[in-house]
Structure formats: C-alpha cells, structure tokens
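To keep things clear, I will list the structure first and then write my remarks on it.
In our numbering, the protein residues as written are 3 to 315.
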C-alpha cells in the first residue's frame, strides 16, 4: 500500500456518508464525490466533493444540495479535459423515484455547467464510472431501480448523445454493473445481486454493449452489496467486493490474470465488525490504483496501492 487517508469524516450536521466516486484530473489531482447527511434518503442529504494531492485531502465542500430533496448516487468521470458528474436526486418516495442528472466542468470541478436531466424516466440510476471501448464508444453503466435490471447508456459521439442498451437480467435482480473490455473485444460485467443471493452476478456482451447474455453466478461472493471491477493497462483485472455470504464485512480485493475469468490472490482491506462497502476503483495515470469506499457509513476512506500488493508484494 502506498498510502491511505480519510476523505471525509462524519460530523454532527452530516454524520452519515456513502457511495463515493473518484477521478484523476489532468494535473494528477484527485477529485472525489459522495453523499452525506443525517441518513440515506433524508432530505438533508447533499452530494459532497473534495480534492486530494500527495496523500492529503482538502476540506470537503457541498457540490449538490437539492432543496427539500435527498441527493443520491454520484459518479465522476474525466474524458479528456472534461470532468463529468452524473448524479441521482430522489424526487419522491424512495430510490425508484430518483431522477438522473448530469453536469460538466472544464476547469477541474471549480465551476460547472447548468445541471441537465440525463434521462426523463424515474428510477434510472448510476454507480460506476463510464468505460471507453477500443472502438471509441463510451458506456455509462446504469440500472433501473424499479425492476432491478442493469443496462448501459451508449454514446458513439464522445458523450454528446446517449441511448440505452439492452438489459442485464438475473433471477431476483442484478444492478450496479461494472464493465471491462477483454482483448477479443467482448465485454464482461460484474453486478450486485438482490435478495438472498450470496454472490455477485456476471454477464457478457459480444456487440459492444448493445445486448447482454443472461446473468450467471460469479465466483465472487457479494451479498446484495456494491462491488467494483476495473482492468488495468497492464492487463490485470482487479475487483473489490464483500467476500462473504452475508453482511458487508470483510471488504476484499482480488486480482485476475485472465480478464476476470478466474480470480487469483485476495487481500482483505477491512475485516472488523460493521459495514465496509460500495468500493470504487480507478487506475491512475501512473498505473497505480486508487480506491474509495464507505467506512461504517461514518467515513469515506481512500487507499492507494500497486496491483502486486494484493498478492502480498
């Protein structure tokens, strides 16, 4: 491990926090977002942001605070010089009423374009950052909270326009897909399960994300909790998940040397009592890995490491 630090520590006004995302800016500064308030779904929940450099994180700021409505899932993603922020706002009763919005920044998150609706149907939600394919196509992983099905938003023009793909379907539901592209051009997705399923789901696409195979059980345990997966430029695939059939501890890293088909070494990041959840992985411009996650719903933690560290190197 290179370093670790608290991005956010809950306080009297905002004791609860969750659902962090992270991006690297052109000057290698880190930019993280998450939501925080008295409790998930309460009207005082706002989306927060903070900057990190050299292992230290600046004082968080409020990024989005919808009047009388709870802020929700947040995803930041840099494409060229543009920092994208996709986020959900609960407009009615529960997550199925959430509306998806987008805004952009060309100065590293110091100013933003006016917020725009990204989809006009309620319940469309995001969790993981977009992935750009070798073809240039961009896929924004998403899911329908109303029916618990995954899908992607597809852009073939650099993010100027988007359309929905086919669905990712599993018994009991599968949401929050994380997607990698394999060397043969096929796509592989890892999804959160629903209900009593003790494992993550996985599925594949052979047409650039237009359609997806039926979901099947993954070799990774992960009981109805968020998981992430990325493929590094070196070729290794890394996943972060709750390696248990029940609960949200431990929080575990695993590495695959064959594009997510099997998983080799594993390393627990957290194994104490409580909840350690909703990891987000990102490869830095130097090939190292940045991870942010929820720590007991009280804090957001950042961990910086090299892939061999998972195997004990």
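C-beta atoms are modelled at their ideal positions from N, C-alpha and C, and glycine is treated no differently.
Keep in mind it's a predicted model, so treat the numbers as computed, not measured.
In the DSSP assignment, the beta strand (DSSP E) including residue i goes from what residue to what residue?
{"i": "residue 90", "result": "84-92"}
{"i": "residue 20", "result": "18-26"}
{"i": "residue 157", "result": "151-157"}
{"i": "residue 114", "result": "Unbroken run through residue 114: none, as it is neither H nor E."}
{"i": "residue 312", "result": "From DSSP, residue 312 is part of no beta strand (DSSP E); its letter is neither H nor E."}
{"i": "residue 244", "result": "239-244"}
{"i": "residue 48", "result": "48-55"}
{"i": "residue 105", "result": "100-107"}
{"i": "residue 207", "result": "201-207"}
{"i": "residue 272", "result": "268-272"}
{"i": "residue 163", "result": "It is not in any beta strand (DSSP E) - residue 163 carries neither H nor E in the DSSP assignment."}
{"i": "residue 235", "result": "Taken as a continuous stretch (DSSP letters only), residue 235 belongs to no beta strand (DSSP E), as it is neither H nor E."}
{"i": "residue 146", "result": "140-146"}
{"i": "residue 219", "result": "218-223"}
{"i": "residue 259", "result": "Element bounds for residue 259: n/a, residue is neither H nor E."}
{"i": "residue 172", "result": "Segment: none, residue 172 is in no beta strand (DSSP E) and carries neither H nor E."}
{"i": "residue 130", "result": "First-last for residue 130: undefined, no H or E at that position."}
{"i": "residue 194", "result": "189-195"}
On the CB-based measure, 16 or more other CB atoms within 10 Å of its CB, does residue i come out buried or exposed?
{"i": "residue 29", "result": "exposed"}
{"i": "residue 304", "result": "buried"}
{"i": "residue 226", "result": "buried"}
{"i": "residue 282", "result": "buried"}
{"i": "residue 107", "result": "buried"}
{"i": "residue 68", "result": "buried"}
{"i": "residue 259", "result": "exposed"}
{"i": "residue 64", "result": "exposed"}
{"i": "residue 3", "result": "exposed"}
{"i": "residue 62", "result": "buried"}
{"i": "residue 220", "result": "buried"}
{"i": "residue 178", "result": "buried"}
{"i": "residue 77", "result": "buried"}
{"i": "residue 132", "result": "buried"}
{"i": "residue 16", "result": "buried"}
{"i": "residue 84", "result": "exposed"}
{"i": "residue 34", "result": "buried"}
{"i": "residue 75", "result": "buried"}
{"i": "residue 80", "result": "buried"}
Considering only C-alpha positions, which residue in the set the options is nearest to residue i?
{"i": "residue 285", "options": "299, 232 and 267", "result": "232"}
{"i": "residue 51", "options": "111, 81 and 91", "result": "111"}
{"i": "residue 156", "options": "149, 167, 146 and 148", "result": "167"}
{"i": "residue 271", "options": "296, 287, 247 and 263", "result": "296"}
{"i": "residue 144", "options": "109, 159 and 90", "result": "90"}
{"i": "residue 235", "options": "107, 128, 308 and 208", "result": "308"}
{"i": "residue 149", "options": "104, 124, 3 and 165", "result": "124"}
{"i": "residue 230", "options": "74, 58 and 292", "result": "292"}
{"i": "residue 313", "options": "265, 84 and 288", "result": "265"}
{"i": "residue 274", "options": "7, 161 and 246", "result": "246"}
{"i": "residue 322", "options": "199, 183 and 251", "result": "Beyond the ends of the chain as shown, which are 3 and 315, falls residue 322; an answer cannot be given."}
{"i": "residue 262", "options": "42, 20, 80 and 181", "result": "181"}
{"i": "residue 240", "options": "216, 267 and 214", "result": "267"}
{"i": "residue 41", "options": "58, 10, 85 and 73", "result": "73"}
{"i": "residue 6", "options": "141, 210, 287 and 294", "result": "294"}
{"i": "residue 101", "options": "84, 57, 130 and 146", "result": "146"}
{"i": "residue 196", "options": "132, 120, 249 and 253", "result": "249"}
{"i": "residue 38", "options": "9, 32, 57 and 58", "result": "9"}
{"i": "residue 201", "options": "176, 215, 207 and 216", "result": "176"}
{"i": "residue 105", "options": "209, 171, 208 and 161", "result": "161"}
{"i": "residue 43", "options": "184, 199, 83 and 95", "result": "95"}
{"i": "residue 199", "options": "301, 151, 287 and 172", "result": "172"}
{"i": "residue 237", "options": "19, 218, 80 and 257", "result": "257"}
{"i": "residue 253", "options": "298, 289, 287 and 209", "result": "298"}
Verify whether the separation of the beta carbon atoms of residue i and residue j is less than 7 Å.
{"i": "residue 25", "j": "residue 36", "result": "no"}
{"i": "residue 203", "j": "residue 189", "result": "no"}
{"i": "residue 60", "j": "residue 71", "result": "no"}
{"i": "residue 158", "j": "residue 139", "result": "yes"}
{"i": "residue 47", "j": "residue 88", "result": "no"}
{"i": "residue 211", "j": "residue 280", "result": "no"}
{"i": "residue 92", "j": "residue 98", "result": "no"}
{"i": "residue 205", "j": "residue 213", "result": "no"}
{"i": "residue 242", "j": "residue 255", "result": "yes"}
{"i": "residue 169", "j": "residue 151", "result": "yes"}
{"i": "residue 11", "j": "residue 269", "result": "no"}
Practice task
State whether the stretch 176-189 contacts the stretch 113-120, with contact taken as three or more CB pairs (one from each stretch) at a distance under 8 Å.
Solution key: A contact is defined here as three or more CB-CB pairs under 8 Å, and the stretch 176-189 fails this definition with respect to the stretch 113-120.
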